[in-house]
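Let me begin by presenting the structure, written as structure tokens, before commenting on it.
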Amino acid sequence: MAFAPPSFTVTAVDERPTRATNDGLDAEVEQLQQLILEEPRERTHRFALVRALIDAGELEQALTAAQAWREIDAYNLVVVRLIGDIQTELGDAKQALRTYSAVTELLSEDPEAQRALATVLKAQGDLDNALARLQVATKLRPEDQRLSFELADVELRRGDLEQAAARFEAIVVDDSASEQLRHPAKQRLAQVYAGFRRDATTEAQRQAWTAKIDALALDGGSQNDIKVYLTWDTDRTDVDLWVINPKGEKVFYSHRKGAFGGTLYGDVTSGYGPESFTASTAKAGTYAVEVNYYGSGGAMKEARGEVLVVVNEGRADEQQHTFAYVLPKPGDSVRVAKIEVK
1 MAFAPPSFTV TAVDERPTRA TNDGLDAEVE QLQQLILEEP RERTHRFALV
51 RALIDAGELE QALTAAQAWR EIDAYNLVVV RLIGDIQTEL GDAKQALRTY
101 SAVTELLSED PEAQRALATV LKAQGDLDNA LARLQVATKL RPEDQRLSFE
151 LADVELRRGD LEQAAARFEA IVVDDSASEQ LRHPAKQRLA QVYAGFRRDA
201 TTEAQRQAWT AKIDALALDG GSQNDIKVYL TWDTDRTDVD LWVINPKGEK
251 VFYSHRKGAF GGTLYGDVTS GYGPESFTAS TAKAGTYAVE VNYYGSGGAM
301 KEARGEVLVV VNEGRADEQQ HTFAYVLPKP GDSVRVAKIE VK
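Those letters in the sequence shown? Residues 1 to 342, by the UniProt record's numbering.
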């Protein structure tokens with residue numbers, strides 16, 4: 001008896017955590033405003049006030065508070081991004097983009113600022129300008145292979161396959177790159193090679209690409225039912241990928257292999273990621289994909305980035321789905337997507 005292959009339906013869930021009600025908002029705002037009067041240049045108070053107003057849905061007040069902060073702290077990347085976020089939520093996408101772009105004008109020699117803008121542009125689907133920002137970032141910090149990985153990812157999504165493959169290959173053979181980065185680079189490179197193999201016109205060409213895939217000696221293989229990648233845009237930050245399988249079992253950094261065979265690769269605690277999850281043979285039911293903001297040692301107090309979900313990886317019917325997320329503070333988590341397997 002022949003069994004039909006599984007079918008996959010990938011659906012977006014949320015981009016950011018649900019806002020919790022705050023019955024003590026007025027008192028909290030009043031207290032923070034007093035602290036700001038006493039210490040007007042203390043960023044912690046300013047950030048807490050803007051976040052409290054955003055979480056309460058008081059976006060106009062949050063914008064006013066953020067703009068007042070920026071008047072005395074113009075070169076602060078955090079407040080500029082907050083203003084852009086609020087403008088986006090208020091529906092003023094054009095003004096938000098101008099605000100985000102000001103980051104790179106203020107900090108033109110800062111690769112972190114360039115990368116932060118690239119993340120926003122990717123989330124908006126503007127891959128051309130995201131590519132340009134990442135190209136600047138890699139020139140400013142050419143030794144950072146994590147930036148090279150991000151650049152290769154955008155090139156891959158734009159269809160610049162040969163250029164993306166060359167960058168991933170450079171990471172794979174770079175002995176100075178950590179295995180936490182080399183492994184996902186191998187995974188992405190295998191996807192590119194598999195695409196070249198599908199497009200090959202002769203058996204000899206197909207065998208050559210198969211040999212290149214095999215030479216990567218990739219844990220988890222290059223043909224899988226489900227592959228999930230997590231990246232984030234802030235250095236010195238710990239963001240975790242959680243995948244809950246149809247059994248209700250959570251696969252994450254302290255439980256890396258699930259009963260159904262899904263495996264987590266990488267637990268990056270002080271960088272941009274990436275982390276990944278692989279299920280070579282998915283079980284029927286729902287896989288939930290979540291992101292958790294564990295903590296930060298950097299200047300940025302929020303975490304944002306992307307989750308890439310790949311189904312039927314390495315096969316003719318491979319599909320890729322990208323989901324942006326924003327986590328305002330450590331301890332936050334959000335379910336970004338679900339994968340229905342039938």
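For every residue, glycine included, the Cβ atom is placed at its ideal position computed from N, Cα and C.
Check                                                                                                : Outcome
SER222 - DSSP class collapsed to helix/strand/coil                                                   : coil
Close beta carbons around VAL120, own chain, < 6 Å, minus the five adjacent residues each side       : TYR100
Assigned exposure category for LYS186 - 16 Cβ within 10 Å defines buried                             : buried
Under the three-state DSSP convention, the category SER178 falls into                                : coil
DSSP beta-bridge partners of VAL10                                                                   : ILE339
Local Cβ density within 10 Å of PRO5, reported as buried at 16 or more and exposed below that        : exposed
Environment of TYR325 [buried if 16+ CB atoms lie within 10 Å]                                       : buried
Short Cβ contact (8 Å threshold) for ALA62 with VAL79                                                : no
CB contact flag (TYR193, VAL239, <8 Å)                                                               : no
Inter-stretch contact at 8 Å, needing at least 3 Cβ pairs: the region 8-15 / the region 321-338      : yes
Counted within 10 angstroms of its Cβ, other Cβ atoms place ASP225 as buried (16 or more) or exposed : buried
With 16 other Cβ atoms within 10 Å as the buried cut-off, status of TYR265                           : buried
Integer Cβ distance of ILE171 from PHE149, believed to fall under 8 Å                                : 6 Å
CB contact flag (ILE36, ILE86, <8 Å)                                                                 : no
Distance between ARG51 and ALA215 (C-alpha atoms, nearest Å)                                         : 49 Å
From ALA137, GLY125, GLN95, residue whose alpha carbon lies closest to that of PRO111                : ALA137
Alpha carbon of GLU275 to alpha carbon of ALA68, nearest angstrom                                    : 37 Å
Helix, strand or coil at ALA324 [DSSP, three-state]                                                  : strand
THR202 (DSSP reduced to helix, strand or coil)                                                       : coil
Span of the beta strand (DSSP E), counted from its first residue to its last, around ALA279          : 275-279
Collapsed DSSP secondary structure at ASP214 in the structure displayed                              : helix
Beta-carbon gap between LEU147 and ARG115 smaller than 8 Å                                           : yes
With 16 other Cβ atoms within 10 Å as the buried cut-off, status of GLY159                           : exposed
CA nearest to the CA of GLY221, picked from ARG315, TYR253, PRO246, ALA288                           : ARG315
Among VAL310, ASN312, ALA303, GLN320, the one whose alpha carbon lies nearest that of VAL334         : ALA303
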